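Okay, structure first, notes after.
Residue numbers (this note's numbering): 160 to 317.
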């Protein structure tokens, strides 16, 4: 009803409240409302990732990346991706790395560096590859990568 009236803030608030509802159809409607809202709902869409219903989980994954693509400010994308970089889902962390590589290097380098010590070999290896692509250096640890970053960040793209 809130979307029909053009009140996206109220619709998002209501959808947020219903995101953990025990009824699958209620959660699906909340997710669809967030899909309609788009980028402004991106931080909330993340809560649907890993939903017990595979259809909701799959739709959430799809619309999350659409919402991130809609975000115009790289700083907001980075903030969201930082949160996703510590997700319990290895698949989500890998997708996060793949999104980070396309953002401004001065913003993405620290987040990618933080993923070097990830518990998943797939994630830590990909983080290492991405950092090597950005810096032409191989790093063994986040501290080593960040030391390099601090002395070379002016060379990275804005």
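Where a beta carbon is used, it is the ideal one built from N, C-alpha and C, also for glycine. Every value quoted in this text rests on a predicted model; they were computed, and no experiment measured them.
Original post:
Leaving out the 5 sequence neighbours to the left and right, which residues in its chain are closer than 6 Å to residue 167 when beta-carbon positions are compared?
Top reply: Answer for residue 167: 196, listed in chain order.
Original post:
Does DSSP classify residue 260 as helix, strand or coil?
Top reply: In the structure shown, residue 260 sits in coil (DSSP, three-state: anything other than H, G, I, E or B).
**OP:** Measure the Cβ-Cβ separation of residue 219 and residue 190 and say whether it is below 7 Å.
**Re:** For residue 219 and residue 190, yes; Cβs fall inside 7 Å.
Subject >> Inter-residue CB distance, residue 183 and residue 177 (contact presumed, cutoff 8 Å) >> reply: Contact flag wrong, Cβ pair sits at about 11 Å.
Original post:
For residue 209, which of helix, strand or coil comes out of DSSP?
Top reply: Correct three-state label for residue 209: coil.
Original post:
Between residue 203 and the rest of its own chain, which residues show a CB-CB distance below 8 Å, the 5 nearest in sequence each way excluded?
Top reply: The residues are 171, 174, 175, 178 and 193.
**OP:** On a CA-only basis, which of 249, 188, 181 and 258 is nearest residue 233? Give me that one, please.
**Re:** Minimum Cα distance to residue 233 is reached at 258.
Original post:
Out of 295, 307, 285 and 208, which has the shortest C-alpha to C-alpha gap to residue 242?
Top reply: The shortest CA-to-CA distance from residue 242 to any of 295, 307, 285 and 208 is the one to 208.
Subject >> residue 216 (DSSP reduced to helix, strand or coil) >> reply: Reduced to three states, the DSSP call for residue 216 is helix.
**OP:** For residue 267, collect the residues of the same chain with a Cβ closer than 6 Å to its Cβ; drop the 5 residues on either side in sequence, then sort them by chain order.
**Re:** The answer, listed in chain order, is 259.
Original post:
With burial defined as no fewer than 16 other Cβ atoms inside 10 Å of the residue's Cβ, what is the status of residue 270: buried or exposed?
Top reply: Burial call: buried.
Subject >> Cβ-based neighbour list, residue 276, same chain, cut-off 8 Å, excluding 5 preceding and 5 following >> reply: Result list for residue 276: 283, 300 and 301, in chain order.
Original post:
At what residues does the alpha helix (DSSP H) containing residue 182 begin and finish?
Top reply: Segment: none, residue 182 is in no alpha helix (DSSP H) and carries neither H nor E.
Original post:
If you draw a straight line from the alpha carbon of residue 248 to that of residue 310, how long is it in whole angstroms?
Top reply: Residue 248 and residue 310 have their alpha carbons spaced roughly 33 Å apart.
**OP:** Give the range of the alpha helix (DSSP H) segment to which residue 244 is assigned.
**Re:** Premise fails: residue 244 is in no alpha helix (DSSP H) and is neither H nor E.
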